[in-house]
Amino acid sequence: MNKNKQKQENDTRLFKSGFLEFLTRVPPRVAISYNLLCSAALLTINFRFGFVSSIGVTALWVVTGFFSWTLAEYLLHRFFFHMKSDAKWVKKIAHTMHGIHHDHPNDYSRLFMPPLPATLFMLFFFVSFYLILNVRVFAFLPGFLTGYLAYAYTHFKTHQIRAPKLLKFIWTHHLKHHYQDEDKAFGVSSPFWDLVFRTLPKKAVVRTPKKDESEILEEESTVQD
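In the numbering used here, the protein residues as written are 65 to 289.
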């Protein structure tokens with residue numbers, strides 16, 4: 065491990081325990097592989113037991129799940145990751161789950177959800193959607209998880225590379241959330257739900273330098289719509 069990466073990980077530690085700290089970090093390839101494996105397992109179970117036997121209907125449920133993620137992404141980001149409370153335990157959860165990312169937005173190992181919390185979220189969504197969709201959840205949830213991966217990968221790239229021209233509006237939208245107003249711009253993969261729920265930020269982005277801010281964000285964090 066190089067010295068810069070070691071220093072970053074020391075600066076962004078959440079726990080003194082090395083084991084607990086290990087559970088809060090994940091290499092992107094591991095997170096992507098884990099989510100794809102879970103999605104494949106759910107689809108395999110679906111076809112093995114014939115829950116949704118038609119390939120066309122299964123594909124429709126997968127697509128529905130994919131786009132349903134965008135709403136879940138918005139609601140989770142706004143009301144869970146940015147939950148407001150004076151209670152210390154609530155603040156601790158919010159900081160552990162998301163606040164650390166705002167303090168160190170370019171920490172490479174915290175841009176995907178690690179397997180342990182990811183599994184807990186999957187179980188929560190599986191049970192919730194099962195109560196609504198019954199066995200069709202085995203076709204719906206893989207699309208939902210794929211939507212999460214699309215969001216997570218977009219988020220990862222937003223903090224790691226300069227914005228491609230065609231996606232610059234998405235990069236800019238999320239950077240407004242970091243550097244202008246964290247109570248606006250909760251959509252990461254799309255500003256659609258910010259438009260629906262009236263949480264679009266102002267046009268101008270005010271640059272707020274941070275010690276660990278990467279130079280790759282300089283252009284995006286000063287852009288004007």
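For glycine and all other residues, C-beta sits at the position ideal for the given N, C-alpha and C.
Computed from a prediction, not measured in an experiment: that's the story for all the values here.
Local conformation of residue i per DSSP, three classes
i: residue 221; result: helix
i: residue 85; result: helix
i: residue 210; result: helix
i: residue 104; result: helix
i: residue 201; result: helix
i: residue 216; result: helix
i: residue 187; result: helix
i: residue 282; result: Legend: pLDDT at residue 282 = 45, less than 50; position of this residue unreliable, value from coordinates given subsequently. Three-state result, residue 282: coil.
i: residue 256; result: helix
i: residue 95; result: helix
i: residue 80; result: coil
i: residue 250; result: coil
Local Cβ density within 10 Å of residue i, reported as buried at 16 or more and exposed below that
i: residue 94; result: exposed
i: residue 184; result: exposed
i: residue 235; result: buried
i: residue 206; result: buried
i: residue 169; result: buried
Whole-angstrom C-beta distance between residue j and residue i, which should lie under 8 Å
i: residue 190; j: residue 162; result: Contact flag wrong, Cβ pair sits at about 22 Å.
i: residue 134; j: residue 253; result: 6 Å
i: residue 103; j: residue 210; result: 6 Å
Candidates the options: closest to residue i by CA position
i: residue 90; options: 179, 166 and 137; result: 179
i: residue 220; options: 257, 176, 244 and 239; result: 176
i: residue 120; options: 204, 264 and 241; result: 204
i: residue 42; options: 158, 129, 243 and 261; result: With the chain represented from 65 up to 289, any question about residue 42 goes unanswered, as that position is not in the structure.
i: residue 107; options: 126, 98, 215 and 96; result: 126
i: residue 181; options: 84, 115 and 76; result: 84
- prompt: Whole alpha helix (DSSP H) runs in the stretch 108 to 181 with 4 or more residues, listed along the chain?
  reply: Assignment of alpha helix (DSSP H) within the stretch 108 to 181, counting only whole runs of 4 or more residues, yields 119 to 139, 152 to 158 and 164 to 167 in chain order.
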